[in-house]
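Everything below concerns the one structure shown next.
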Amino acid sequence: MLTYFPQLVPSFDAACPVAGAPPNQHNPDTITQAPDAPRLNTIPLSDWPTPLAQANNINATDFYPVRLETLTVAQEIELSTITLVSPVHVHTPFEHIGIIRGNHDGEKITADDLVLFLHWFSQQPINRAVYAQLSTEMQVQVENAFMQRNGYTRAAVLGWIDFLQGRSAERGGLIGSDLLLGCTEVWGLEDTSLQSGVSVIHVV
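Last residue of the sequence shown: 205 in my numbering, with the numbers rising by one and none dropped.
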């Protein structure tokens, strides 16, 4: 069973800004220590050729992006050959935005299971109690993602007010894609990041 823990930490270089940080059990918006994992090959982003793609005569540019809304069978087959290790860090080009955990640290997870989980999670309703536990910075970005998804309309504003006041959102409430800050495309996977030594999924 996979679980997503949102957290927002800006990244100023290629290394994960939270890898190896001390654990904090009181705030789900923080990181726990990454497991000691063997160094494996990096699975590069779409700009670089990948042995996996070459072996199957698939260009990385044909494979990426993996859109959570329209995951194809061919992509699932490729993803099932990639193994990552829990916890998996979720990165945008500029920020670490969360962690996906399995049942225990060090558990092996196929990229297919990971992406199918994100596909499911991105559509799930999120309650106000989860939102309230986020850092202020993360709350601002989640609200922006909600507004962008709903088009910055009057209905979106009223829906957001309903959500904050705990009313059932007739106009559409917060969903998992908002906790992913609107990032619903996968552009890269690293089984073990050369910079941080942790598994990473890159989303935009």
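All C-beta atoms in this analysis are idealised placements derived from N, C-alpha and C, irrespective of residue type, glycine included.
Item, Value
"Sufficient close CB pairs (3 or more, under 8 Å) joining the region 61-78 to the region 181-188", "yes"
"The region 71-86 contacting the region 113-125, beta-carbon criterion three pairs below 8 Å", "yes"
"Runs of beta strand (DSSP E) lying entirely within the region 73-100, each at least 3 residues, in chain order", "84-86 and 89-92"
"Cα-Cα separation, F122 to S12", "24 Å"
"First through last residue of the beta strand (DSSP E) which encompasses S200", "S200 to V204"
"Among H90, R155 and Y132, nearest to I110 - alpha-carbon criterion", "H90"
"Beta strand (DSSP E) segment containing T4, residue limits", "T4 to P11"
"E70, DSSP secondary structure in three states", "helix"
"Counterpart residues of I110 in DSSP-defined beta bridges", "L85"
"Residue range of the alpha helix (DSSP H) that includes G177", "G177 to L180"
"Cα-Cα separation between V131 and Q76, rounded to whole angstroms", "31 Å"
"Nearest-angstrom Cα separation, counted from M139 out to L69", "22 Å"
"Residue interval of the beta strand (DSSP E) (run including L159)", "No beta strand (DSSP E) holds L159; the alpha helix (DSSP H) holding it covers R155 to L165."
"Neighbourhood of V201 by C-beta, 6 Å cutoff - its chain only, sequence neighbours within 5 removed", "H90, H92, E191 and S194"
"Spatial neighbours of G103 in its chain, beta-carbon cut-off 7 Å, leaving aside the 5 residues before and after", "L3, S87 and I110"
"Whole-angstrom C-beta distance between F164 and G99, which should lie under 8 Å", "Incorrect: roughly 20 Å between the Cβ atoms, too far for contact."
"Host alpha helix (DSSP H) of V141 (start-end)", "T137 to N151"
"Cut-off 6 Å between Cβ atoms - residues of its own chain near M148, not counting five sequence neighbours on either side", "A157"
"Three-state secondary structure assigned by DSSP to R129", "helix"
"Buried or exposed (CB count within 10 angstroms, at least 16 for buried), Q124", "exposed"
"CB of V205 within 8 Å of CB of C184, strictly", "yes"
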